[in-house]
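Asks:
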Amino acid sequence: MSELVSLTKQDGIGIITINNPPVNALSPGVPEGIAAALEEIENDESLTGGIIIGGGQTFIAGADIKEFGKITSGENKRGVAFLPLLKRIEDSPKPLVAAIHGTAFGGGLEVAMAFHYRVIAPTAQVGQPEVNLGIIPGAAGTQRLPRLAGVEKAVEMCAFGAPIKAGDALKYGIVDRVIEGDLLAGAIAFLQEKIASNEPPRRTCDLTDKLGDEATNAPIFAAAKKQAAKVRRGQPAALAAIDAVEAATKLSFEEGVKREQELFLECLYSTASKALIHAFFGERAVAKIPDIPKATPVYEIKKAAVIGAGTMGGGIAMNYANAGIPVLLKEASQELLDKGLAVIRKNYQNSVNKGRFPQEVMDKRMALITPTLTYDGFAEADIVTEAVFEGMALKKQVFGELDKVCKATCILASNTSTLDIDEIAAATTRPEMVIGHHYFSPANVMRLLEIVRGKATRKEVIATSLAIAKKLKKVGVVVGNCRGFVGNRMLHPYGREAIFLVEEGARPQDVDGALYEFGLAMGYLSMSDLAGIDVGWRVRQEAKHLEKPGIRQPLIGDKLYEMGRYGQKTGAGFYDYDEKRNRIPNPEIEALIKETASEAGIAQRDISKDEIIERTMYALINEGAKILEEGIALRAVDIDIIYLNGYGYPSWRGGPMFYADTVGLKKVYERICEFQAQHGELWEPAPLLKRLAEEGKTFADFDKGGLTVTA
Ligand code: 3HC
Ligand code: NAI
Numbered sequence: 019m020s021e022l023v024s025l026t027k028q029d030g031i032g033i034i035t036i037n038n039p040p041v042n043a044l045s046p047g048v049p050e051g052i053a054a055a056l057e058e059i060e061n062d063e064s065l066t067g068g069i070i071i072g073g074g075q076t077f078i079a080g081a082d083i084k085e086f087g088k089i090t091s092g093e094n095k096r097g098v099a100f101l102p103l104l105k106r107i108e109d110s111p112k113p114l115v116a117a118i119h120g121t122a123f124g125g126g127l128e129v130a131m132a133f134h135y136r137v138i139a140p141t142a143q144v145g146q147p148e149v150n151l152g153i154i155p156g157a158a159g160t161q162r163l164p165r166l167a168g169v170e171k172a173v174e175m176c177a178f179g180a181p182i183k184a185g186d187a188l189k190y191g192i193v194d195r196v197i198e199g200d201l202l203a204g205a206i207a208f209l210q211e212k213i214a215s216n217e218p219p220r221r222t223c224d225l226t227d228k229l230g231d232e233a234t235n236a237p238i239f240a241a242a243k244k245q246a247a248k249v250r251r252g253q254p255a256a257l258a259a260i261d262a263v264e265a266a267t268k269l270s271f272e273e274g275v276k277r278e279q280e281l282f283l284e285c286l287y288s289t290a291s292k293a294l295i296h297a298f299f300g301e302r303a304v305a306k307i308p309d310i311p312k313a314t315p316v317y318e319i320k321k322a323a324v325i326g327a328g329t330m331g332g333g334i335a336m337n338y339a340n341a342g343i344p345v346l347l348k349e350a351s352q353e354l355l356d357k358g359l360a361v362i363r364k365n366y367q368n369s370v371n372k373g374r375f376p377q378e379v380m381d382k383r384m385a386l387i388t389p390t391l392t393y394d395g396f397a398e399a400d401i402v403t404e405a406v407f408e409g410m411a412l413k414k415q416v417f418g419e420l421d422k423v424c425k426a427t428c429i430l431a432s433n434t435s436t437l438d439i440d441e442i443a444a445a446t447t448r449p450e451m452v453i454g455h456h457y458f459s460p461a462n463v464m465r466l467l468e469i470v471r472g473k474a475t476r477k478e479v480i481a482t483s484l485a486i487a488k489k490l491k492k493v494g495v496v497v498g499n500c501r502g503f504v505g506n507r508m509l510h511p512y513g514r515e516a517i518f519l520v521e522e523g524a525r526p527q528d529v530d531g532a533l534y535e536f537g538l539a540m541g542y543l544s545m546s547d548l549a550g551i552d553v554g555w556r557v558r559q560e561a562k563h564l565e566k567p568g569i570r571q572p573l574i575g576d577k578l579y580e581m582g583r584y585g586q587k588t589g590a591g592f593y594d595y596d597e598k599r600n601r602i603p604n605p606e607i608e609a610l611i612k613e614t615a616s617e618a619g620i621a622q623r624d625i626s627k628d629e630i631i632e633r634t635m636y637a638l639i640n641e642g643a644k645i646l647e648e649g650i651a652l653r654a655v656d657i658d659i660i661y662l663n664g665y666g667y668p669s670w671r672g673g674p675m676f677y678a679d680t681v682g683l684k685k686v687y688e689r690i691c692e693f694q695a696q697h698g699e700l701w702e703p704a705p706l707l708k709r710l711a712e713e714g715k716t717f718a719d720f721d722k723g724g725l726t727v728t729a
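The sequence shown finishes on residue 729 if you use our numbering, and the numbering steps up by one all the way, no holes.
1) Leaving out five residues on either side along the sequence, give the residues of the same chain with a beta carbon under 6 Å from the beta carbon of T728.
2) Taking only heavy atoms of the ligand NAI into account, decide whether any of them is closer than 7 Å to the Cβ of E408.
3) Within its chain, find whatever has a CB closer than 8 Å to the CB of R221; leave out the 5 residues flanking it on each side and keep chain order.
4) State buried or exposed for P703, treating a residue as buried only when at least 16 other CB atoms are found within 10 Å of its CB.
5) Quick one: Cα of V402 to Cα of A313, how far?
6) Are there any heavy atoms of the ligand 3HC lying less than 7 Å away from the beta-carbon of D721, as far as the coordinates show?
7) Are there 16 or more other CB atoms within 10 angstroms of the CB of E272, so buried, or fewer, so exposed?
8) Give me the DSSP bridge partner(s) of I429.
9) So, are the CB atoms of G358 and L346 less than 8 Å apart?
10) For P164 and M175, I'd like the C-alpha separation in whole angstroms.
11) In this structure, what does DSSP give as the bridge partners for L25?
12) Buried or exposed, going by whether 16 or more other CB atoms sit within 10 Å of the CB of I569?
13) To which residues of the same chain is M380 closer than 6 Å at the C-beta, ignoring the five residues directly before and after it?
14) Which residues in the same chain as G472 place their Cβ atom closer than 7 Å to its Cβ, once the five residues preceding and following it in sequence are excluded?
15) Do T434 and the ligand NAI come close, with the Cβ less than 7 Å from some heavy atom?
16) Per DSSP, A122 is paired with what?
17) Run the proximity test for A79: is its beta-carbon closer than 7 Å to any non-hydrogen atom belonging to the ligand 3HC?
18) Indicate whether R583 and A590 have their beta-carbon atoms separated by less than 8 Å.
19) Quick one: is Q146 buried, meaning 16 or more other Cβ sit within 10 Å of its Cβ, or exposed?
20) Quick one, which of R689, V115, I182, K684 has its alpha-carbon nearest G124's?
21) For the alpha helix (DSSP H) that E378 lies in, which residues bound it at each end?
22) CA-CA distance, V655 and T716?
23) Say the cut is 7 Å; is the CB of R162 nearer than that to a heavy atom of the ligand 3HC?
24) Does the beta-carbon of S459, which I'm using as the reference point, lie nearer than 7 Å to any heavy atom of the ligand NAI?
25) Starting from D594, follow its DSSP beta bridges and name the residues at the other end.
26) I believe T434 touches E408 by the beta-carbon criterion, under 8 Å. Please report the beta-carbon distance rounded to the nearest angstrom.
27) Comparing alpha-carbon positions, which option in E560, T76, E478, L25 lies nearest A54?
28) Are I319 and K477 closer than 8 Å when you measure CB to CB?
29) With a threshold of 8 Å, are at least 3 pairs of Cβ atoms found where one atom belongs to the segment 280–295 and the other to the segment 136–153?
30) Would A139 and I197 qualify as a contact pair, given that the criterion is a beta-carbon distance under 8 Å?
31) Measuring from the CB of I325, is there a heavy atom of the ligand NAI at a distance below 7 Å?
32) Can you give me the C-alpha to C-alpha distance between A157 and L437, rounded to a whole angstrom?
33) Short check: CB of G159 to CB of G120, under 8 Å?
34) Could you check if E128 belongs to the surroundings of the ligand 3HC, using beta carbon to heavy atom distance under 7 Å?
35) L662: which of A549, V493, Q586 sits nearest, CA to CA?
36) What does DSSP give as the partner residue(s) for T222 in the beta ladder?
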């Protein structure tokens, strides 16, 4: 046995316990330990059967994801070698039971399915989430799961990755019994029943009654493929998972396993898988801030308050209510307060109508939101989030008022999307308690929370903000203070190029089409129509003083604003919209763009899809590199996590900085130099990008600290 796996003997039963915290992943040593324990159970005549159980919080949460990078880089030549072990388990002459608590995910569920029987704690979950990492189950999950759960459920679980709860696992035949109370005792009792019955151990690979036939299966596969094309756009793993389950229905178990292996390896070596694994670890890395140790004390958040019940404030209040935290919601007038509350109620009602949660949950959440026109009750709030209009004078006024009414330990957060957090903090006598909490619209849906630390912000306030993000089920990324912070600052040059491209001859639908094909949820111009052309106009007005004379500015946004084409809200922007909000290209707007461009002396030409992607993506990357060098983002992966969770960047591209690494920084840098020669100083390459490109390095090297420091 190894330290990672122990075997104890009780009442004639061998109990294999996995001890590989935190999640009992199948790291090197674990499969070997299980094999050794199994051998001892088989050889020890005093033992009549065996149980596998996880030590600590969980059963096995899957293969060790860190190992995949070692396999694809060639560092680990052994590959994923679970299959022979699972075959040995299944072929064991003594009955074996898997006892599941916590999560049996991926390889964990695959191990459990090789056992003859499975019992489960009521709170446990099982799943094949490999597709979220760009791979498919690689240890016969796609072959054993349909034999237990049927083809439809297996396709759903393997191709879309969502876990299921213990009750459903029982219902679908994935487990044999739910154990209330002590799991091990229940597993022992279950095994003893099986031993007493003298039935031969049941091998999952022998089951065929749920595999269906061509006629019943064909529509299941067709529907799943259609769904995968929609919700897993650009991700071949979902289709591969469907193919692998299909193989289970058409080939022998052994042949099906072989087919699964081929598909698994194809996916494992894909860039999409590397990108998704980067995102998995990135999401966990962003919570680690070098100067904020894990032990940093956090403030307890029992009561919250939000100022402004508009687009953002309403969503932020919902976040707190969803987390069970009472929240005061303050507005400037009764009419606006009623309007804000009506939107919240409508959002919740939509969720109830769609069956996401029952009416009682909605009622409970609504009851947690207390509308108000005064500061009454603010003295008890542990955090206040301001979401009033984007104007420095107003923000300062509000923070000055908060300073007077809030207790000394209350966190004062601003949801500003661009403004200087230090200047806002200076309006209070406690800048150390002030921080930016930048949510993304719709605030109750989007997962990103940019946490903007000011010069004076206390570490405890930052640590509490990260804890709040977790509590609100968001991904909190700590960033520095500058105009637009990380996400919106990068969006600025990206959007600028998208508009320049239409002014140079591409049609709006060409630009948006290329970006959509690249994988973005929507192109920049469609996004502007959604966010509001008037919003962009207002931001430009606030920043007029920052514009350098003689530097090209996008022209068309102002033109649309002057025409009252504010985007979807007015039924027209870059595009027209029908009553279902379908986008309709408008030739008159295309002509207007051409006319505006020619008046400004901008030559028209054919623009390729490649140029659209390079101009927009490299603008994003170049600004990202500047942000990194300035320390506004801690790591390149922080930028990626921001873009993946706040801006609809395709997860299978790993984020803009990861994408840059896959293109090669030398190529990106050289192209930026060409753009600089053609378009001037807006394209000045970031010094960090230049340095990395010249040293043949990547942003991943930067994150590992593998940079040569130059004077
Ligand atoms: N391999 C390696 N490390 C893992 C891991 C895994 N499978 N699962 C989690 N971890 C690490 C995390 O990176 C984190 O490390 P850190 O503390 O250094 O940041 C730590 O374990 C704790 O993880 P979380 O912060 O995510 O803890 P939670 O309690 O919030 O969630 C969990 C636990 C639900 C198990 C979640 O971690 C999870 O979903 N993990 C991934 C599960 C998965 O995808 N399994 C399939 C793997 S692929 C596979 O099995 C292939 C097979 O078919 C051959
Ligand atoms: P909004 O116009 O929808 O809502 C602002 C609300 O604040 C209005 O209802 C207004 O009546 C209220 N308000 C103004 N002064 C007030 C006061 N003194 N007391 C109480 N309420 C007051 O604006 P939106 O879009 O919600 O923006 C709010 C903030 O969030 C801005 O700073 C904006 O930059 C930021 N933001 C906006 C995003 C978006 O997509 N709309 C995304 C991220 C941040």
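The beta-carbon is built from N, C-alpha and C at its ideal position, and this holds for glycine as well.
Replies: Looking at the atomic coordinates:
1) Counting from one through the sequence shown, the residue named residue 728 turns up at place 710. Summary for T728: the model assigns pLDDT 45, below 50, so the residue's position carries little reliability; its value from the coordinates is reported in the next sentence. None.
2) Taking the first residue of the sequence shown as 1, we reach residue 408 at position 390. Taking 7 Å as the cut-off, one finds at least one heavy atom of the ligand NAI near enough to the beta carbon of E408.
3) Stepping through the sequence shown from its first residue, residue 221 is reached at position 203. Excluding residues within five positions, the ones whose Cβ falls inside 8 Å are E108, D109, H134.
4) Along the sequence shown, read from residue 1 onward, the residue named residue 703 stands at position 685. P703 sits buried, since 16 or more C-beta atoms from the chains shown fall within 10 Å of its C-beta.
5) Numbered from 1 along the sequence shown, position 384 holds the residue referred to as residue 402. Numbered from 1 along the sequence shown, position 295 holds the residue referred to as residue 313. C-alpha separation (whole angstroms): 24 Å.
6) Here residue 721 refers to the residue found at position 703 when the sequence shown is read from its first residue. Checking the Cβ of D721 against the ligand 3HC gives no.
7) Against the sequence shown, residue 272 aligns to sequence position 254. Exposed, because fewer than 16 other Cβ atoms sit within 10 Å of the Cβ of E272.
8) Position 411 of the sequence shown, counted from the start, is the residue given in the question as residue 429. DSSP lists I401 as partners of I429.
9) Against the sequence shown, residue 358 aligns to sequence position 340. Against the sequence shown, residue 346 aligns to sequence position 328. Going by C-beta atoms, G358 is not nearer than 8 Å to L346.
10) Here residue 164 corresponds to residue number 146 of the sequence shown, with the count starting at 1. Here residue 175 corresponds to residue number 157 of the sequence shown, with the count starting at 1. Each residue's Cα considered, the two are about 10 Å apart.
11) Translated into positions along the sequence shown, residue 25 becomes position 7. The partner list for L25 (beta bridge, DSSP) reads I34.
12) Along the sequence shown, one-based indexing puts residue 569 at 551. Of the residues assessed, I569 falls on the exposed side of the cut-off, its CB having fewer than 16 other CB atoms within 10 angstroms.
13) Here residue 380 refers to the residue found at position 362 when the sequence shown is read from its first residue. Excluding residues up to 5 positions away in sequence, Y366, V370 lie with their Cβ nearer than 6 Å to the Cβ of M380 in the same chain.
14) Within the sequence shown, residue 472 is the residue found at index 454, counting from 1. Same-chain partners within the cutoff: I439, D440, A443, P449, V452, I453, N499.
15) Reading the sequence shown from its first residue, position 416 is the one you call residue 434. If you check the C-beta of T434 against the ligand NAI, you find a heavy atom less than 7 Å away.
16) Residue mapping note: residue 122 aligns to position 104 of the sequence shown, counting from 1. In the DSSP output, where bridge partners are listed per residue, A122 has V144.
17) Taking the sequence shown and counting its residues from 1, one reaches residue 79 at position 61. The answer is yes for A79.
18) As a first step, residue 583 must be located in the sequence shown, where it is residue number 565. As a first step, residue 590 must be located in the sequence shown, where it is residue number 572. Contact: yes.
19) Position 128 of the sequence shown holds residue 146. Counting Cβ neighbours within 10 Å, Q146 comes out buried, since at least 16 surround it.
20) One-based indexing of the sequence shown puts residue 124 at position 106. It is I182.
21) By 1-based counting over the sequence shown, the position of residue 378 is 360. Run containing E378: 377–386, per the alpha helix (DSSP H) assignment.
22) Against the sequence shown, residue 655 aligns to sequence position 637. Against the sequence shown, residue 716 aligns to sequence position 698. Between V655 and T716, the C-alpha separation is close to 12 Å.
23) Counting from one through the sequence shown, the residue named residue 162 turns up at place 144. Checking the 7 Å criterion, the Cβ of R162 is out of range of every heavy atom belonging to the ligand 3HC.
24) Counting from one through the sequence shown, the residue named residue 459 turns up at place 441. Indeed, a heavy atom of the ligand NAI lies less than 7 Å from the Cβ.
25) Indexing the sequence shown from 1 puts residue 594 at position 576. Residue pairing for D594: DSSP places it in a beta bridge opposite A590, I602.
26) Start at 1 with the first residue of the sequence shown, and residue 434 comes out as number 416. Start at 1 with the first residue of the sequence shown, and residue 408 comes out as number 390. Indeed they touch by this definition, with Cβ atoms about 6 Å apart.
27) On the sequence shown, residue 54 is found 36 positions in, with the first residue counted as 1. Closest in alpha carbon position to A54, among E560, T76, E478, L25, is L25.
28) Position 301 of the sequence shown, counted from the first residue, corresponds to residue 319. Position 459 of the sequence shown, counted from the first residue, corresponds to residue 477. Against a cut-off of 8 Å, the Cβ pair of K477 and I319 comes out as no contact.
29) Segments in contact, yes.
30) In the sequence shown, counting from the first residue as 1, residue 139 sits at position 121. In the sequence shown, counting from the first residue as 1, residue 197 sits at position 179. In this structure, A139 sits near I197, with a CB-CB distance shorter than 8 Å.
31) Here residue 325 refers to the residue found at position 307 of the sequence shown. At least one heavy atom of the ligand NAI is found less than 7 Å from the C-beta of I325.
32) For the purposes of this step, residue 157 is identified with residue 139 of the sequence shown, where counting begins at 1. For the purposes of this step, residue 437 is identified with residue 419 of the sequence shown, where counting begins at 1. Taking the CA atoms as reference points, A157 sits about 51 Å from L437.
33) Locating residue 159 in the sequence shown gives position 141, where the first residue counts as 1. Locating residue 120 in the sequence shown gives position 102, where the first residue counts as 1. Result no, Cβ atoms of G159 and G120 do not sit closer than 8 Å.
34) As a working mapping, residue 128 is identified with position 110 in the sequence shown. With a cut-off of 7 Å, the C-beta of E128 is classified as near the ligand 3HC, since at least one heavy atom of the ligand falls inside that distance.
35) Sequence index remark: in the sequence shown, residue 662 carries index 644 (1-based). Comparing Cα-Cα distances from L662 to each of A549, V493, Q586, the minimum goes to V493.
36) The residue you call residue 222 lines up with position 204 of the sequence shown. T222 is not bridged to any residue.
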